[in-house]
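Written below as structure tokens is the structure these notes are about.
There are 2 protein chains.
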Amino acid sequence: MKRIADSTVRRLSIYLRFLEDFEKRGIATISSDELAARGGTTSAQVRKDLSFFGSFGKRGLGYSVAELSARLRQILGLEREWQVVIIGAGKIGAALAQYHGFAQRGFRIVAVYDSDPAKVGRSVDGLVIRSLDSLPEEAKRHPPDIAVLAVPATAAQEVADMVVKSGIRAILNFAPQQLQVPETVAVKAVNMAMELEGLSFALTNG
Amino acid sequence: MKRIADSTVRRLSIYLRFLEDFEKRGIATISSDELAARGGTTSAQVRKDLSFFGSFGKRGLGYSVAELSARLRQILGLEREWQVVIIGAGKIGAALAQYHGFAQRGFRIVAVYDSDPAKVGRSVDGLVIRSLDSLPEEAKRHPPDIAVLAVPATAAQEVADMVVKSGIRAILNFAPQQLQVPETVAVKAVNMAMELEGLSFALTNG
DNA sequence: TTGGACTTGTGAATTTCTTCACAAGTTATC
DNA sequence: GATAACTTGTGAAGAAATTCACAAGTCCAA
Chain A
1 MKRIADSTVR RLSIYLRFLE DFEKRGIATI SSDELAARGG TTSAQVRKDL SFFGSFGKRG
61 LGYSVAELSA RLRQILGLER EWQVVIIGAG KIGAALAQYH GFAQRGFRIV AVYDSDPAKV
121 GRSVDGLVIR SLDSLPEEAK RHPPDIAVLA VPATAAQEVA DMVVKSGIRA ILNFAPQQLQ
181 VPETVAVKAV NMAMELEGLS FALTNG
Chain B
1001 MKRIADSTVR RLSIYLRFLE DFEKRGIATI SSDELAARGG TTSAQVRKDL SFFGSFGKRG
1061 LGYSVAELSA RLRQILGLER EWQVVIIGAG KIGAALAQYH GFAQRGFRIV AVYDSDPAKV
1121 GRSVDGLVIR SLDSLPEEAK RHPPDIAVLA VPATAAQEVA DMVVKSGIRA ILNFAPQQLQ
1181 VPETVAVKAV NMAMELEGLS FALTNG
């Protein structure tokens, strides 16, 4: 398959959110135009994005909401459940562990790790915090799919190395630190500082 | 000034982070090559990014770490303090309010709002939670620069409208919901669900 | 059955972003 | 001061992403 751009995948994710909303409201079909209006893009963009994966619409009519959302879930790999571990039980890590929105979308938090002995043994939202040292061993028995890094920037690279060595192939990084990983490992960063600086730039040069 | 791409601004933010790190370690100069290696890009990209704003380097030598980081802070508008309000005192909102990393980078959290009367009056990290109804009035007296939206997706658009009416011109949106705002208002989204779905896609089609 | 109103899917055109490649400037060494 | 080793800044080339524009398919009403 031709390589799909990141921006395309992000938009698919947005489209899916609307489709699920429409599904709930019992709307049967939707046009690329309607989808575009809500996603802040153009109808041509919507059609082009979908065309990488096949042709799902009916000319003159649009797309079946149920069918298209099923296809998008399939494309995005959301038909299965993903096992997620959170590393770092600080403010952010704890908030994420308690945020049930993940589980609703098939991302199941199976463990929380921290390197601070004072935190190990306590529990967050029903999950006992485990020692980070035990990750490689435990990952062997129950391999997690995704590691969420909620550790200080200074520790991020070291933890990432450990995660990679444990065989985990996807990382969601909350630390404001660029990670160096093998290209077989997928990394997405959530960087609030960067987004705020983007706003600062916009306000300054607006 | 020519319009600057989002991707460029994001990279400037990344460069700045490294430069501050180098500054702390007492390194005086750095080349575009070194900057690129750490930022996961190319030296040509670094130089091109900077060239939109002027020429800050010395041929044969590289960039003065102190000078370049000062210029980047200036470009990104980080020389002043920004007044930030957090809207929504749930898990995410509360975690953000307690996260002191923002203040360190000049984003000062001045108030937390919530529409739930049960939460109003309590305090988070020394800030009393105020009623969302009072935002427009209070924003008149002390205009905030940035609103952080940490509300449920269903309420996000409504809250955004209120924020815009209150004269706030920048929004950091944590709700998994595309916001419709006038183009004079800058919006950045932090969408964890979307990032996770991006990882899901990568794992599925990897 | 025909005509009109829609809407998709997709090559081609366009725009935007990234990389190349090199002249020009700087420093260090002998 | 001549030479070698670097490195920047930037037009030009190349690649990638977006938008255009239209043939082709669908539906509906008369």
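Which chain is which? The protein sequence lines are A and B, in order. So for the first sequence, our numbering puts the first residue at 1; every next one is plus one. So for the second sequence, our numbering puts the first residue at 1001; every next one is plus one. Where a beta carbon is used, it is the ideal one built from N, C-alpha and C, also for glycine. Since we're looking at a predicted model, the values are computed, not measured.
Original post:
Any idea if R80(A) is buried or exposed, counting beta-carbon neighbours within 10 angstroms, 16 or more meaning buried?
Top reply: With fewer than 16 other CB atoms across the displayed protein chains lying within 10 angstroms of its CB, R80(A) is exposed.
Original post:
What's the call for E195(A), buried or exposed, on a 16-neighbour Cβ count within 10 Å?
Top reply: By the 10 Å Cβ count, E195(A) comes out buried.
Original post:
Given that I1092(B) touches chain A, what residues does it touch there, using C-beta distances under 8 Å?
Top reply: Result: A95, Y99.
**OP:** Pull up the distance between the alpha-carbon of R1003(B) and that of A1160(B), whole angstroms please.
**Re:** Going from the Cα of R1003(B) to the Cα of A1160(B) covers about 25 Å.
Original post:
Quick one: which chain A residues come within Cβ less than 7 Å of S1051(B)?
Top reply: The contacting residues do not exist; S1051(B) stays about 16 Å from chain A at best.
Subject >> DSSP state of I27(A) mapped onto helix, strand, coil >> reply: Here DSSP, grouped into helix, strand and coil, assigns I27(A) to coil.
Original post:
Using a Cβ-Cβ distance under 8 Å, would I146(A) count as near chain B?
Top reply: Yes, its Cβ sits closer than 8 Å to a Cβ of chain B.
**OP:** Return the chain-ordered list of same chain residues with a C-beta closer than 6 Å to the C-beta of L1172(B), the five sequence neighbours on each side being excluded.
**Re:** V1148, K1188, listed in sequence order.
Subject >> Identity of the residue in N1205(B), V1151(B), S1013(B) nearest Y99(A) by Cα >> reply: Out of N1205(B), V1151(B), S1013(B), V1151(B) has the C-alpha closest to the C-alpha of Y99(A).
**OP:** Mind listing, in chain order, the continuous beta strand (DSSP E) runs of no fewer than 3 residues lying wholly within the segment 1053-1127 of chain B?
**Re:** List check, beta strand (DSSP E) in window: 1062-1064, 1082-1087, 1107-1114.
Original post:
Quick one: which chain B residues come within Cβ less than 7 Å of E195(A)?
Top reply: The answer, in chain order, is L1172, K1188, V1190.
Subject >> Contact check, L203(A) vs A1111(B), beta carbons under 8 Å >> reply: Contact: no.
Original post:
Roughly how many whole angstroms lie between the Cα atoms of Q178(A) and F1022(B)?
Top reply: Straight through space, the alpha carbons of F1022(B) and Q178(A) are spaced by roughly 15 Å.
Original post:
Exposed or buried, D116(A), counting other C-beta atoms within 10 Å across all chains shown (16 or more means buried)?
Top reply: Flag for D116(A) reads exposed.
Subject >> Separation of G1088(B) from G1121(B), as counted between CA atoms >> reply: Going by C-alpha positions, G1121(B) is about 13 Å away from G1088(B).
Original post:
So, using beta-carbon positions, are A1155(B) and P1176(B) closer together than 8 Å?
Top reply: No.
Original post:
Tell me which same chain residues have a C-beta within less than 8 Å of the C-beta of I1146(B), skipping the five on either side of it?
Top reply: Closer than 8 Å at Cβ, skipping near neighbours: W1082, Q1083, V1084, V1085, F1107, I1168, A1170, I1171, L1172.
**OP:** Could you tell me the distance, in whole angstroms, from the CA atom of L1096(B) to the CA atom of G1090(B)?
**Re:** If I take the Cα positions, the gap works out to 10 Å.
**OP:** Output, in chain order, the set of chain B residues within a Cβ distance shorter than 9 Å of R38(A).
**Re:** Contact note: R38(A) reaches chain B through Q1178, Q1180, using a C-beta cutoff of 9 Å and chain order.
Original post:
Taking Cβ positions only, does I14(A) come closer than 8 Å to chain B?
Top reply: For I14(A), the answer is yes, since a Cβ of chain B falls inside 8 Å of its Cβ.
Subject >> Complete runs of the alpha helix (DSSP H) confined to the segment 128-153 of chain A [at least 4 residues] >> reply: Taking only runs of at least 4 residues, the alpha helix (DSSP H) segments lying wholly in the segment 128-153 of chain A are 135-141.
**OP:** Kindly indicate if chain B contains any beta-carbon less than 8 Å away from that of F22(A).
**Re:** No, because no Cβ of chain B sits closer than 8 Å to the Cβ of F22(A).
Original post:
In chain order, what residues of the same chain have a beta carbon less than 8 Å from the beta carbon of G1054(B), not counting five sequence neighbours either side?
Top reply: So the qualifying residues of the chain are R1071.
Original post:
Expressed to the nearest angstrom, what Euclidean distance is found between the alpha-carbon atoms of L19(A) and S69(A)?
Top reply: So the alpha carbons of these two residues sit roughly 6 Å apart.
Subject >> Interface residues of chain B facing A202(A) [CB-CB closer than 7 Å] >> reply: Chain order gives the chain B residues near A202(A) as A1170, A1186, where near means a beta carbon separation below 7 Å.
**OP:** Check the Cβ of R105(A) against every Cβ in chain B and list those closer than 8 Å, keeping chain order.
**Re:** By Cβ distance, chain B contributes A1193, L1196, E1197.
**OP:** Output the distance between the C-alpha atoms of V124(A) and Y113(A), rounded to the nearest integer angstrom.
**Re:** Straight across, the Cα-Cα distance linking V124(A) with Y113(A) is about 11 Å.
Original post:
Out of I1109(B), S1131(B), G1126(B), L1127(B), which has the shortest C-alpha to C-alpha gap to A1118(B)?
Top reply: The shortest C-alpha to C-alpha distance from A1118(B) to any of I1109(B), S1131(B), G1126(B), L1127(B) is the one to S1131(B).
Original post:
Which residue's Cα is closest to the Cα of P1136(B): L1127(B), E1158(B), G1126(B), M1162(B)?
Top reply: P1136(B) has its Cα closest to that of M1162(B), out of L1127(B), E1158(B), G1126(B), M1162(B).
Subject >> Burial state of A1094(B), where buried means 16 or more other Cβ atoms lie within 10 Å >> reply: Its Cβ being crowded by 16 or more others within 10 Å, A1094(B) is buried.
Original post:
Should V128(A) go down as buried or exposed, given a rule of 16 or more other Cβ atoms within 10 Å for buried?
Top reply: Exposure of V128(A) is indicated by the presence of fewer than 16 other C-beta atoms within 10 angstroms of its C-beta.
Subject >> Interface flag, R10(A) vs chain B, CB-CB below 8 Å >> reply: Closer than 8 Å to the CB of R10(A) there is at least one CB belonging to chain B.
**OP:** Compute the distance between the beta-carbons of F1201(B) and V46(A), then report whether it is under 8 Å.
**Re:** Going by C-beta atoms, F1201(B) is not nearer than 8 Å to V46(A).
Subject >> Under 7 Å from the C-beta of G77(A): neighbouring residues of chain B >> reply: When 7 Å is used as the limit between beta carbons, G77(A) is near these residues of chain B: S1200, F1201, L1203, T1204, in chain order.
Original post:
Quick one: is P1182(B) buried, meaning 16 or more other Cβ sit within 10 Å of its Cβ, or exposed?
Top reply: Its Cβ having fewer than 16 others within 10 Å, P1182(B) is exposed.
**OP:** Would you mind reading off the limits of the beta strand (DSSP E) that contains V181(A)?
**Re:** Run containing V181(A): none; DSSP gives neither H nor E here.
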